[in-house]
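Residue numbers (my numbering): 775 to 1113.
Backbone N, C-alpha and C fix where the C-beta goes; we use that ideal spot for every residue, glycine too.
For clarity, every value in this text was computed on a predicted model and none was experimentally measured.
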Amino acid sequence: MVRNSLFASVALTLLCVFVAQATVVPTLGLDRVTNEASLIAVGQITLVRRVEKTTVQFGDRTLPAWAMLAELHVGHVLKGTAKSLPSSLSFRFLVPDEFVGWASIAPQTYRVFFLAESSGELRLADPYFPSVAAIPGTETQGETAIERVINELGAVLESTRTSPEEKREAIFTLNSSKNPAAIRVLRHIADVKDIILRLSVAAALLEHNDISTLQFAEEALLKQDPALPPHLYLLHNLSYAISEGVKDERAVPSLTKLLHVSSVETRRAAASALMHVGSTSCIDPLLSAIGDADFQVRYFSVTGLAEITGQMDWRPNMDDFKSDQGKYLRHWRDWSQSR
């Protein structure tokens, strides 16, 4: 099945972020960083200070950097030995003079920190993703470390004391997990009144092929509300999630509607999703899109038709389709009339 490399997520699903000198920031994986950390502690940073000037090896480059020390007042522990842990601990991290995508640590923040031991000292388990959102007073729940971290994020979403920005961060973080507990937390708040949060949750669920919010997403994409803040890329993220995540055949009626809206991005997402669903119920919608004005919609439609019907000789790669798309379009028109 062709993967849709023509879409890029901006806010909700980060495939990668490019910074200076083509540095690539890896995708956040909550499951991975939870697994790699030997200690996961929730608490407040009470002090951050510079220790000394140093250097850090980054790829084939040696960069000047500051060695930093942070002190954390521990509220509770989600992974690691809690009994022998002091109420405060310190850990080291590096801040290169040049931005390379590594996150820093801010004083007075209350978060979940992912730490690992190195040479007898604690350090960040992942310099790109050192911590996730948390809120004081959360009761520890969950049998595994990842379930306990997810519970902390769920508390951020449920709380009336957290900001919309913190809630959006929690949604983004949960979206990076493949653990079923993350989906349950997202589904629990899927009907939140805040439209921005609701759209963000809908996109996160759809990217995991959970179509419980598809009707709401369909309405949002059909309406294309111009009042939505453009810098949050909410409708873009919905389209991306549908394009890459939806594979459930029950989504076909909604995808068929979205295949004929005015938004090119939405039509591309619908065609890509129908291609990924790959059932015979997708044939008629995809046939109706081979005459679309957009090249990518036509390409996804032709590719999906070839894969669904098993006519792999008529499944072009992108270059072949660019050079002679008329040949493929004629074939599928003729096939449609003769079937």
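According to DSSP, simplified to helix, strand and coil, what is residue i?
i     : result
W1088 : helix
T855  : coil
E992  : helix
V1071 : helix
V874  : coil
S1028 : helix
F946  : helix
V923  : helix
I814  : strand
G849  : strand
Y884  : strand
S951  : coil
F867  : strand
I819  : strand
F1095 : helix
P1118 : The structure shown does not extend to residue 1118, since the chain spans only 775 to 1113, so no value can be given for it.
P1004 : helix
S1110 : helix
L1009 : helix
E939  : helix
T829  : strand
F839  : Note that residue 839 corresponds to Ala in the displayed sequence, not to Phe. If DSSP states are grouped into helix, strand and coil, A839 belongs with the strands.
E891  : strand
V906  : strand
L1033 : coil
A844  : strand
S933  : coil
Once the 5 residues before and after residue i are set aside, which same chain residues still bring their CB inside 8 Å of it?
i     : result
R935  : I909
I1082 : G1052, S1053, T1054, C1056, I1057, L1060
R897  : F865, R866, F867, L889, A890, E891
D1093 : none
L1032 : E992, L995, L996, I1016, T1040, R1041, A1043, A1044
With burial defined as no fewer than 16 other Cβ atoms inside 10 Å of the residue's Cβ, what is the status of residue i: buried or exposed?
i     : result
V825  : exposed
I969  : exposed
L821  : exposed
G833  : exposed
A880  : exposed
E1018 : buried
R835  : exposed
T912  : buried
R1072 : buried
D1098 : exposed
R1113 : exposed
H1127 : Nothing about residue 1127 can be reported from this structure: the residues present for the chain run from 775 to 1113 only.
R922  : buried
Take residue i as the anchor and find which of the options has the nearest alpha-carbon.
i     : options                    : result
G1100 : D1087, I1064, F1074, I1082 : I1064
E895  : S812, I819, Y1007          : S812
T1030 : G849, F1069, Q989, N1091   : Q989
A815  : A890, V874, A877, K827     : A890
R866  : P904, R942, A1025          : P904
M1086 : R1072, Y1102, G833, S1110  : Y1102
G1084 : W1109, D1066, I924, Q1070  : W1109
G916  : K853, L971, L859, G875     : K853
V1026 : L1006, P1004, H1050, H1005 : H1050
S1013 : D1022, K997, R1041         : R1041
A1045 : A899, F1074, D1098         : F1074
S937  : L971, D965, A955, P954     : L971
V886  : S933, Q818, S893           : Q818
L973  : V923, Q998, A956, T828     : Q998
S878  : L863, D900, V966, Q1070    : D900
S933  : I963, V975, Q1111, F1095   : I963
T883  : E845, W876, F1095          : E845
Given residue i, which residues of its chain have a CB within under 7 Å of its CB, disregarding the five upstream and five downstream residues?
i     : result
A944  : A907, L927, V930, L931
A796  : For A796, the predicted structure reports a pLDDT of 48, less than 50, and the residue's modelled location is therefore unreliable. The matter cannot be settled from this model.
S1036 : none
W1106 : L1061, I1064, V1076, L1079
W1088 : A1080, Y1102, H1105
R1024 : I985
S861  : H847, V848
A919  : T808, I814, L852, K853
V966  : R972, V975
Y902  : V799, P800, G875, W876, A877
Between which residues of its own chain and residue i is the CB-CB distance below 6 Å, once the five residues before and five after are set aside?
i     : result
V830  : L837, A839, L868, P870
E940  : A907, V930
S1028 : L988, E992
H850  : V816, T914
R823  : L843
V1038 : D1068
I1016 : L980, A1043, A1047
R1021 : Checking the sequence shown, residue 1021 turns out to be Lys, not Arg. For K1021, where only same-chain residues beyond five positions count, the Cβ hits under 6 Å are N983, H1050, V1051.
L1002 : L1008
Chain C beta carbons: is any one of them nearer than 8 Å to that of residue i?
i     : result
V1026 : Looking at the structure shown, chain C is missing, and only one protein chain is on hand.
TODO: Could you tell me whether the segment 867 to 874 touches the segment 803 to 818, where touching means 3 or more Cβ pairs closer than 8 Å?
DONE: They do not touch, by the three-pair rule.
- [ ] Could you tell me whether the segment 898 to 916 touches the segment 832 to 841, using the rule of 3 or more Cβ pairs below 8 Å?
- [x] The answer is no - the segment 832 to 841 does not touch the segment 898 to 916, with fewer than three Cβ pairs under 8 Å.
Open item on the list: Contact between the segment 942 to 961 and the segment 979 to 995 is defined here as three or more beta-carbon pairs at a separation below 8 Å; is this criterion met?
Closed with: Contact holds: three or more Cβ-Cβ distances are below 8 Å.
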